[in-house]
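Engineer: Going by UniProt numbering, the sequence shown opens with residue 1, and the numbers climb by one from there. All residues carry an ideal CB built from backbone N, CA and C; glycine is no exception.
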Amino acid sequence: MPGSDLVAACDAIVPSMVERDPVWAGWCAVLVNLNDLAAMGATPVGLLDALGARDASFAARVLAGLRRACAAYGVPLLGGHTQLGVPAALSVTALGRAEHPVPAGGGRPGHRVRLTVDTAGGWRAGYHGRQWDSTSGRRTADLRAMLSMVARVRPAAAKDVSMAGAAGTLGMLAEASGCGAVLDVARVPRPDGATMGDWLTCFPGFGMLTADPPGAPAPPAGPATSAVCGSLVAGQGVWLRWPDGERTEAIAGAVTGLGAA
Numbered sequence: 001m002p003g004s005d006l007v008a009a010c011d012a013i014v015p016s017m018v019e020r021d022p023v024w025a026g027w028c029a030v031l032v033n034l035n036d037l038a039a040m041g042a043t044p045v046g047l048l049d050a051l052g053a054r055d056a057s058f059a060a061r062v063l064a065g066l067r068r069a070c071a072a073y074g075v076p077l078l079g080g081h082t083q084l085g086v087p088a089a090l091s092v093t094a095l096g097r098a099e100h101p102v103p104a105g106g107g108r109p110g111h112r113v114r115l116t117v118d119t120a121g122g123w124r125a126g127y128h129g130r131q132w133d134s135t136s137g138r139r140t141a142d143l144r145a146m147l148s149m150v151a152r153v154r155p156a157a158a159k160d161v162s163m164a165g166a167a168g169t170l171g172m173l174a175e176a177s178g179c180g181a182v183l184d185v186a187r188v189p190r191p192d193g194a195t196m197g198d199w200l201t202c203f204p205g206f207g208m209l210t211a212d213p214p215g216a217p218a219p220p221a222g223p224a225t226s227a228v229c230g231s232l233v234a235g236q237g238v239w240l241r242w243p244d245g246e247r248t249e250a251i252a253g254a255v256t257g258l259g260a261a
């Protein structure tokens, strides 16, 4: 919000996921919005939800997931709107405060890319290879420690890992920064229960990509694992560099088409 320290984030959950797994959809709606705030270095203030459901019983299941996640993170659900008798739909808006938000487009060629990610947990039932659940078993203190990482170290650029996975999200950070990226596959923090292909393309629960000049210190991130695993380069797209030095193109050109921020 221009002229104030108020920042906002808004995410919608895919309707098919809300229909299939309403409690988990509620949890994830909180999770992804708080990750968005965290990437900007913002402290969460509260959340608002907009829910569509076929009946009150279904709505209650979604709201149960929302409330559980809010309780786990220690962030209040301030209110919202519920419409019954309609197809499943869910979006959440998160409000936070940050005097100087960290941009997603502050990276420059030569900056080192760091992935800080929670490798605990496992694949969410029914979402193997797509959604890693690292958050539902965590204590509030650990969840908040991870969320506060960007605010404490203030990197040049930050982007939370979304459903685009680490590779796709790195492409978005690089695009917003007006450059390309190289990801060193062997240096990517990864749990034993995930193949590299799945890990680079899944939603990891909590994952944060940051870019900084060489030599920047490792961030304090609670239980998360952090490693420098790539760099920003001139050009566009994302390349994967394998242990033998071979490079393969993972993303050709821009991800969103929005260009540099």
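List the DSSP bridge partners of A81.
Structural biologist: What sits at residue 81 in the sequence shown is His, not Ala. According to DSSP, which records beta bridges pairwise, H81 is partnered with A50.
Engineer: Helix, strand or coil: which one does DSSP assign to G96?
Structural biologist: strand
Engineer: What do you get for V153, buried or exposed, if any count of 16 or more other CB atoms within 10 angstroms of its CB means buried?
Structural biologist: buried
Engineer: Could you give the distance in angstroms between the alpha-carbon of G237 and the alpha-carbon of V92?
Structural biologist: 30 Å
Engineer: Measuring alpha carbon to alpha carbon, tell me which of D118, L147, M146 ends up nearest S134.
Structural biologist: D118
Engineer: Please work out which residues of its chain come closer than 7 Å, Cβ to Cβ, to G65, disregarding the five sequence neighbours upstream and downstream, and give them in chain order.
Structural biologist: If we look at G65 and ignore the five residues flanking it on each side, its Cβ neighbours are P22, V23, W24, A25, G26, W27.
Engineer: Between T43 and the rest of its own chain, which residues show a CB-CB distance below 6 Å, the 5 nearest in sequence each way excluded?
Structural biologist: Excluding sequence neighbours, T43 sits near G96, R97.
Engineer: In terms of residue numbering, what span does the alpha helix (DSSP H) encompassing S57 cover?
Structural biologist: 56-73
Engineer: If you run the structure through DSSP and keep just helix, strand and coil, what is P22?
Structural biologist: helix
Engineer: Below 7 Å CB to CB, which residues in the same chain sit around R68 once its five sequence neighbours on both sides are set aside?
Structural biologist: Around R68: W27.
Engineer: Count the other C-beta atoms from every protein chain shown that fall within 10 angstroms of the C-beta of C179, then say buried if there are 16 or more, exposed otherwise.
Structural biologist: If you draw a 10 Å sphere on the C-beta of C179, you find 16 or more other C-beta atoms in it, and that means buried.
Engineer: Smallest Cα separation from D36: which of A156, L147, A260, R112?
Structural biologist: L147
Engineer: Which residue from G171, S226, H81 puts its Cα closest to that of T256?
Structural biologist: G171
Engineer: Who are R241's beta bridge partners in DSSP?
Structural biologist: D184, R247
Engineer: Measuring CB to CB, does L183 end up less than 9 Å from W239?
Structural biologist: Judged by their CB atoms, L183 and W239 are nearer to each other than the 9 Å cut-off.
Engineer: Only counting the same chain, and skipping five residues up and downstream in sequence, which positions put a Cβ closer than 7 Å to that of G79?
Structural biologist: L48
Engineer: If we ignore side chains and look at the alpha-carbon of each, how far apart do D244 and G121 end up?
Structural biologist: Their backbone Cα atoms lie some 30 Å apart in a straight line.
Engineer: Tell me which same chain residues have a C-beta within less than 6 Å of the C-beta of R187, skipping the five on either side of it?
Structural biologist: A227, C229
Engineer: Since F206 sits in a beta bridge, which residues does DSSP pair it with?
Structural biologist: F206 is not bridged to any residue.
Engineer: On a CA-only basis, which of L258, M208, V185 is nearest R247? Give me that one, please.
Structural biologist: Among L258, M208, V185, the Cα nearest to that of R247 is on V185.
Engineer: Distance, Cα to Cα, A71 vs V45?
Structural biologist: 13 Å
Engineer: So which of M208, P217, Y127, A174 has the shortest CA-CA distance to A252?
Structural biologist: The shortest C-alpha separation from A252 is found at A174.
Engineer: Leaving aside the five residues before and after M196 along the sequence, list all residues of the same chain whose C-beta is less than 8 Å from its C-beta, in chain order.
Structural biologist: Exclusion of the five residues before and after M196 leaves V185, V188, R190 as the residues of its chain whose Cβ lies within less than 8 Å of its Cβ.
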